[in-house]
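Asks: Residue 6 is where the sequence shown starts when you use the numbering used here, and the numbers rise one by one after that.
For every residue, glycine included, the Cβ atom is placed at its ideal position computed from N, Cα and C.
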Amino acid sequence: MSPPLEPRLSDVLDVISVEGHQSESVLEALGRWCERQQWLPIYLVSKAVDLELGILMDCEGRTWVDWGERSRVLHEPPSGARLPFTLWLHTHPRMGAYWSLTDQSTLRFVHSFTERAIVLGQPGFLMATKQGDEVLGRSEDYPDIPWSNNTFVAW
Ligand SMILES: [Zn+2]
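#1: DSSP has F90 in a bridge; who is on the other side?
#2: Does ligand 1 have even one heavy atom less than 8 Å from the beta-carbon of S153?
#3: With distances taken from CA atoms, which of V54, G85, P89, E65 is nearest G73?
#4: For ligand 1, list every residue whose C-beta falls under 6 Å from any of its heavy atoms, going in chain order.
#5: Can you tell me which of the three DSSP states R99 falls into?
#6: DSSP three-state call for S144: helix, strand or coil?
#7: Assuming W44 is part of the alpha helix (DSSP H), what are its boundary residues?
#8: Between which two residues does the alpha helix (DSSP H) containing G36 stretch?
#9: What residue range does the beta strand (DSSP E) around D71 cover?
#10: Label E65 either buried or exposed according to how many other C-beta atoms from any shown protein chain fall within 10 Å of its C-beta, with 16 as the threshold for buried.
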């Protein structure tokens, strides 16, 4: 079953309860929300399943969705992916939106071939971008990572 262009959160949660969170249509729906920059339903699915979720988007707009082990796909980019990645997204299903020490080391690693990074947490999302990318929100300071803009936006 192919998901509609605008997947609905309630439908996706229904599919998860029947087919599980690895269902192809669930992964496709997560990719669609990512393409549309609809971060909240992605976070709510991760929270409902209670697992971290990672999504990579390459420069041709293709997405790779991965449950758990967020840094694995970054250190072994999916075959067929074209650099740069336009987005590395992951979730903190039970925590705040901040860059953990592990995240900071990943951010240093991916900086040269990734344009934007987002972490989705309980209160909202934190986005790291390079200069000139505008996001409205509260600026956060992470002196140890090479990303110039870190902006928190509440849900
Ligand atoms: Zn993290």
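Replies: Taking the geometry as given:
#1: D63, T119
#2: no
#3: V54
#4: H95, H97, S105, D108, V124
#5: Secondary structure of R99 (DSSP, three-state): coil.
#6: DSSP, reduced to helix, strand and coil, places S144 within a strand of the structure shown.
#7: 44-54
#8: 29-40
#9: Here the beta strand (DSSP E) through D71 covers 68-72.
#10: exposed
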